[in-house]
Amino acid sequence: MLQKTRGVALSYIRYRETSIIARVYTEEFGLQSYIVNGVRSAKSKNNRIALFQPMTLLDMVVYNKNDRDLHRISEIKTLYPFQSLPFDVSKSTIAIFVTEMLNKVLKEEAGNPVLFRFLADAILFLEEAHDNYENFHLTFLLKLAFFLGFGPESAREFENQLRENSYPFLPDTDMETALNKMLRQPFGTLVKLTRSARNELLDALVAYYQIHIDSIGEVKSLPVLREVLG
């Protein structure tokens, strides 16, 4: 049955000679995998593989069958053409890290329009931001945790959960203030963190996710993100 849905491109792997299998978080059906034929061929029109770069917002018409793990796309176009995200080194590095984390934590194969709207709004903020986005990945993980069922209510709760699981996180007053701002304020709120503090909080957030989701394992994009953004 043909159905319309919006989606966020997460990743893709090569499939046979000219095709890919794309993972997309959709508004109507949750996390789905789609076979896309011919996008790696020299004859492919309009560079369609670019539609599946990390965090691309998609408008799709898909063949959805509940008894299948792989689906097909009838029509696809970008929902919002990016002008900065793929071309700005800092933003694209953040996008790679965020989509790696989403690939690890999103499992549900059912629609969740509220979560999709959060993802879309966050992506649009990052695309359109000219400044105050250096903490985007930290704020994003803190806010995403609420949709996954383990969001901390305060910096103190975040700290206590880490300590209870033997992670040595000892934030000072400035760090606690920054954490509470990121938890309670929207993306783009000015939060002052030094490079070392940003890296410390990033490591603590990844550890926090690993405590709650056993399957996360190694985050391969983490060293690059530390180097580029800190």
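Here the sequence shown stands for residues 4 to 233, numbered as in my numbering. Cβ coordinates follow ideal geometry from the N, Cα and C atoms, glycine included.
{"Check": "Inter-residue CB distance, residue 210 and residue 170 (contact presumed, cutoff 8 Å)", "Outcome": "5 Å"}
{"Check": "Rounded Cβ spacing between residue 160 and residue 172 (contact assumed at less than 8 Å)", "Outcome": "So it is not a contact: roughly 12 Å between Cβ atoms."}
{"Check": "Proximity winner among 111, 41 and 33, relative to residue 21 (alpha-carbon distances)", "Outcome": "41"}
{"Check": "Any non-hydrogen atom of the ligand ZN within 8 Å of residue 32 CB", "Outcome": "By its list of ligands, the structure shown contains no ligand whatsoever, and the ligand ZN lies outside what it can speak to."}
{"Check": "For residue 28: DSSP bridge partner residues", "Outcome": "11 and 34"}
{"Check": "Where the alpha helix (DSSP H) through residue 185 begins and ends", "Outcome": "176-187"}
{"Check": "Limits of the unbroken beta strand (DSSP E) element including residue 78", "Outcome": "73-81"}
{"Check": "Residue 232 vs residue 93 beta-carbon contact at 9 Å", "Outcome": "yes"}
{"Check": "Reduced DSSP secondary structure (H/G/I, E/B, other) of residue 170", "Outcome": "coil"}
{"Check": "According to DSSP, residues forming a beta bridge with residue 66", "Outcome": "5 and 75"}
{"Check": "Residues of its chain near residue 116, where Cβ-Cβ distance is below 6 Å and the 5 sequence neighbours each way are ignored", "Outcome": "30"}
{"Check": "Endpoints, alpha helix (DSSP H) assigned at residue 97", "Outcome": "92-108"}
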